[in-house]
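Data first, discussion second: the structure below is written as structure tokens.
Numbering (full-length UniProt numbering), first residue to last: 1 to 324.
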């Protein structure tokens with residue numbers, strides 16, 4: 001089945017349209033340089049899937065309101081801040097096909113811009129006493145940092161197991177989507193029971209989303225990142241972990257040696273990709289992705305039936321069938 005973001009957005013078309021203007025207002029600064037950079041960030045916005053999760057989750061349990069908009073803005077501000085800082089850490093010159101902030105304005109300014117975005121998000125919540133939303137997002141940012149550091153630690157030894165892999169992606173990716181869904185239902189005054197259901201739904205979606213991203217590393221789709229970039233960066237993803245666990249010790253030793261010492265060599269990267277393809281790594285990761293997606297569908301049906309719930313179901317489908 002084919003899913004389109006435009007059809008998924010139908011129940012929240014008006015809030016999403018209004019959100020663009022509100023988000024611009026939230027990002028506004030009196031410093032000309034900052035305003036220029038904020039406009040640049042807004043112009044190169046992505047699919048806006050995270051605000052969609054916030055608004056759809058809110059709609060499932062109540063009426064979308066100003067607190068919902070602030071929650072979506074809080075997510076976007078803190079998420080954008082982490083992306084700006086990530087580009088500095090990774091020395092990356094591109095983000096979504098555009099030059100990154102650090103590529104144009106250098107690292108010092110990029111770090112300060114990330115700090116500014118973080119402070120705007122914090123102040124937005126404090127000024128409106130949205131402490132429940134702030135707690136959800138702050139927890140997510142802490143876990144994202146832990147996940148990144150755990151991945152860096154494991155990249156040095158390449159000793160990552162499947163359990164550790166899932167711990168990393170839950171913290172790096174799933175925690176933010178989980179926060180989006182929790183914030184959505186919190187913003188309309190849902191009970192703690194439904195907040196927890198929303199968190200669990202977002203967690204499963206986020207894990208499936210990241211596995212899909214990891215699969216892109218072995219394909220040839222135009223996804224905004226080069227083929228084999230995870231291998232070059234010594235990131236142990238699920239397809240590779242599975243393949244290493246299901247091969248001879250001599251082959252495992254050779255593949256790990258290539259990743260550790262020769263990952264800048266395109267031929268070595270191609271050899272690793274072919275190894276994963278030939279040992280069932282892609283099929284296994286795809287199977288696990290669908291398992292998490294099915295868990296998410298089952299959790300989603302704990303919410304009342306509505307057009308919002310239908311769109312959340314389709315947004316889940318989009319995350320695992322997207323081409324980029």
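Glycine included, every Cβ here is placed at the ideal spot set by N, Cα and C. The structure displayed is predicted, hence computed values, not measured ones.
*Kindly give me the distance between the Cβ atoms of residue 147 and residue 172, rounded to whole angstroms, as I take these residues to be in contact under 8 Å.*
4 Å
*Taking residue 39 as part of the alpha helix (DSSP H), name the residues at either end of that continuous run.*
32–43
_Can you give me the C-alpha to C-alpha distance between residue 250 and residue 308, rounded to a whole angstrom?_
52 Å
*For residue 285, which residues of its own chain have a beta-carbon under 8 Å away from its beta-carbon, when the five flanking residues on both sides are left out?*
These residues qualify, in order along the chain: 211, 214, 215, 237, 238, 239 and 242.
*asked:* Are the CB atoms of residue 177 and residue 53 within a distance shorter than 8 Å?
replied: Between residue 53 and residue 177, the C-beta gap is smaller than 8 Å, which places the two residues in contact.
_For a minimum of 4 consecutive residues, which ranges assigned as the alpha helix (DSSP H) are wholly contained in the region 264–313?_
266–278 and 281–300
*Cβ neighbours of residue 9 in the same chain (closer than 8 Å, five flanking residues each side left out)*: 16, 52 and 311
*For the region 201–257, which segments carrying the alpha helix (DSSP H) assignment without a break, of at least 4 residues, lie completely within its bounds, in sequence order?*
Here the runs fully enclosed are 229–232 and 238–245.
*Please list, in chain order, all residues of the same chain as residue 140 whose beta carbon is under 6 Å from its beta carbon, the five residues on each side excluded.*
175, 176 and 179
*Work out the CA separation of residue 116 and residue 313 for me, nearest whole Å.*
It is roughly 35 Å from the alpha-carbon of residue 313 to the alpha-carbon of residue 116.
_Coil, strand or helix - residue 28 by DSSP_ = Residue state, collapsed to three classes: coil.
*Which of the three DSSP states, helix, strand or coil, is assigned to residue 194?*
helix
_C-alpha distance - residue 113 paired with residue 84, whole-angstrom precision_ = The alpha-carbon atoms of residue 113 and residue 84 are separated by roughly 8 Å.
_Quick check on this structure: which residue in 321, 303 and 319 has the alpha carbon closest to the alpha carbon of residue 60?_
303
*Between residue 19 and residue 79, which are expected to be in contact by the criterion C-beta below 8 Å, what is the C-beta distance as a whole number of angstroms?*
About 14 Å separates the two Cβ atoms, so there is no contact after all.
*Tell me, which residues are paired with residue 95 by DSSP?*
98
*Spatial distance of residue 45 from residue 37 (CA atoms)*: 13 Å
*Ordered along the chain, which non-local residues of its own chain (more than five positions away) have a Cβ less than 7 Å from that of residue 258?*
268, 271 and 272
*Tell me whether residue 331 sits in a helix, a strand or coil according to DSSP, three-state version.*
As shown, the chain starts at 1 and ends at 324. That puts residue 331 outside it, with no answer to give.
*residue 35 versus residue 92 - alpha carbon distance*: 22 Å
*Alpha carbon to alpha carbon, how far is residue 103 from residue 94? Give it in angstroms, no decimals.*
8 Å
_Simplified DSSP state of residue 158, which is helix, strand or coil_ = coil
_Given this structure, state the Cα-to-Cα distance separating residue 300 from residue 198, to the nearest angstrom._
8 Å
*Please say whether residue 244 and residue 235 have beta carbons closer to each other than 8 Å?*
no
_Measuring only the C-alpha atoms, how far is residue 106 from residue 138?_
27 Å
*asked:* Tell me the rounded alpha-carbon separation between residue 4 and residue 187.
replied: 26 Å
*From this set, 293, 204 and 194, which residue's C-alpha is nearest residue 62's C-alpha?*
194
_Where the alpha helix (DSSP H) containing residue 7 begins and where it ends_ = 5–8
*Since residue 136 contacts residue 183 with CB under 8 Å, what's their CB separation in whole angstroms?*
Separation of the CB atoms of residue 136 and residue 183 is rounded to 5 Å, and the pair is thereby assigned contact status at 8 Å.
*Determine the DSSP secondary structure at residue 188, reduced to helix, strand or coil.*
coil
_Classify residue 21: buried if its beta carbon has 16 or more other beta carbons within 10 angstroms, exposed otherwise._
exposed
*Which one of 229, 248, 298 and 291 has the shortest CA to CA distance from residue 265?*
229
*Could you give the DSSP three-state label for residue 63: helix, strand or coil?*
coil
*Within the same chain, show all residues whose beta-carbon is closer than 8 Å to that of residue 165, passing over the 5 residues directly before and after it, in chain order.*
Counting only Cβ-Cβ distances below 8 Å, and skipping sequence neighbours, we find 236, 237, 238 and 241.
*How about residue 319 and residue 205: are their beta carbons less than 8 Å apart?*
Residue 319 is a Cβ neighbour of residue 205, given a cutoff of 8 Å.
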